[in-house]
Amino acid sequence: MIKIIQGDITTLAVDAIVNAANQVMLGGGGVDGAIHRAAGPELYEACLKVPEVRPGVRCPTGEARITPGFRLPAKFVIHTVGPVYRDGLHGEPEKLAACYRNSLALAAENGCKSIAFPCISTGVYGYPIEDAAKIAVREVEDYLTQSCREAEVAEEESGRARSPVSPERSEPRKRSLEVCAPQDRGAVAPRPPIEVIFCCFSERDASVYKRLLNMV
Ligand code: AR6
């Protein structure tokens with residue numbers, strides 16, 4: 000399920016809020032500063048403990064790291080680093096998409112059932128809101144569609160295990176499984192369903208998301 004909220008992400012009682020951080024991951028301005036202030040100095044200490052992948056880089060652009068939320072109502076903070084926007088032709092769309100995908104994957108790995116995203120990269124990093132929101136919506140919708148398919152397949156598989164199908168029924172069932180899960184997922188567990196909130200600071204940003212999601 001997708002929701003749009005206009006307001007301050009630090010007030011949301013969800014399992015995880017996403018921080019639009021920088022590579023050093025030790026705080027900054029914008030939503031990053033607001034999250035560090037609300038979470039308290041423990042968040043800074045926790046970020047310091049995230050290992051550097053190279054000097055001055057705890058989280059490369061497009062990747063994500065997780066810490067507790069400390070004094071926030073949210074259980075976790077997922078820190079991700081969006082791209083600095085140049086002209087959209089220097090890998091920015093791919094990097095921004097990776098932020099959403101990696102944050103959702105990290106939330107799922109940590110058992111989160113709800114996650115709130117700010118409009119990553121659209122402040123100091125200058126990504127045009129219309130373009131950034133399209134990417135955000137696409138990635139979240141893809142993720143939710145995929146997790147829904149995986150849940151259907153898991154249910155079908157457990158149903159089959161409970162009541163073995165007769166040979167004449169097995170063919171159509173197999174075909175429907177193929178429709179649901181075109182790629183070979185092996186024994187990977189289905190992704191748990193997750194509620195996704197787009198938390199927009201401004202009314203204008205919220206209206207962009209509402210239009211993209213046909214909520215106006
Ligand atoms: N709740 C929700 N959204 C917010 C809040 C808040 N409390 N405060 C700001 N926003 P930005 P970036 C919105 O600049 O562009 C930092 O210094 C804001 O209106 O925070 O990814 C980091 O340390 C905008 O829509 O992040 C990095 O150096 C969105 O959050 C750099 O900025 C993102 O704006 C990251 O830049």
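In numbering that gives the first Met the number 0, the protein residues as written are 0 to 215. Where is the CB? At the ideal position from N, CA and C, for every residue including glycine.
Please find out if some non-hydrogen atom of the ligand AR6 comes closer than 7 Å to the beta-carbon of C58. no
Regarding F75 and the ligand AR6, is the C-beta to nearest heavy atom distance less than 7 Å? no
Taking all protein chains shown into account, decide if T60 is buried (16 or more other Cβ within 10 angstroms of its Cβ) or exposed. By the 10 Å Cβ count, T60 comes out buried.
I'd like to confirm the pairing. Which residues does DSSP put opposite H78 in its beta bridges? N18 and R64
Note down, in chain order, each residue of its chain lying with its Cβ closer than 6 Å to the Cβ of P72, except the 5 sequence neighbours on either side. A12
Integer-rounded CB distance, given that G29 should sit under 8 Å from A19: 7 Å
Are T121 and A106 closer than 8 Å when you measure CB to CB? No.
Could you spell out where the beta strand (DSSP E) holding S113 opens and where it closes? S113 to F116
Under 8 Å between the Cβ atoms of I114 and I193? yes
Is the beta carbon of Y124 sitting closer than 8 Å to the one on G55? For Y124 and G55, no; Cβs fall outside 8 Å.
Suppose you measure from the CA of L25 to the CA of I119; what does that come to, to the nearest Å? 17 Å
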